[in-house]
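Each remark here refers to the structure printed beneath this line.
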Amino acid sequence: MGRRDLTRKGKGQLHPTPTYEHELLGHQLAQKRMIPFKTIVRARSFDEYHQWVRHDGEEFLMVLHGDVMLYTEFYAPLVLEEGDSIYFDSDMGHALVSTSQDDAIVLSVCTRGDVA
5 MGRRDLTRKG
15 KGQLHPTPTY
25 EHELLGHQLA
35 QKRMIPFKTI
45 VRARSFDEYH
55 QWVRHDGEEF
65 LMVLHGDVML
75 YTEFYAPLVL
85 EEGDSIYFDS
95 DMGHALVSTS
105 QDDAIVLSVC
115 TRGDVA
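Each residue of the sequence shown is one higher than the one before, starting from 5 at the first, in the numbering used here.
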């Protein structure tokens, strides 16, 4: 009761991958129902992914900077521009590709799989 966890700009827990550079936010708070993170999308082609990204739960994604192409397992690719957002089942395969000249930046909030 009354929990909080402040993350100062650029001070989240970094988790780089070949296609994304994740910054986990609120990372010091244990047993969260949501997992927030800011991501720099470095991928420029769907071919950079060896397999779909998938994880338990649901995901809310908002484009903060640039434009992205969201690939999902069961739908046609979707262009998302700065300010656009989408909510989806994150167990469905998905992948983001920056279509901007610079890397795109997105905010994502995921739920854990056991949250209804």
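Each residue gets a CB set at the ideal place from its N, CA and C atoms; glycine is no exception.
Check	Outcome
Reference Val57, options Pro22, Lys15, Gln105, closest by Cα	Pro22
Inter-residue Cα distance where the pair is Thr43 and Leu18	10 angstroms
The stretch 21–36 in contact with the stretch 68–87 per 3-pair CB rule at 8 angstroms	no
Own chain partners of Met66 with C-beta closer than 6 angstroms, once the 5 adjacent residues on each side are dropped	Ser89, Leu111
Neighbourhood of Phe64 by C-beta distance below 6 angstroms, restricted to the same chain and skipping five residues each side	Tyr91, Val113
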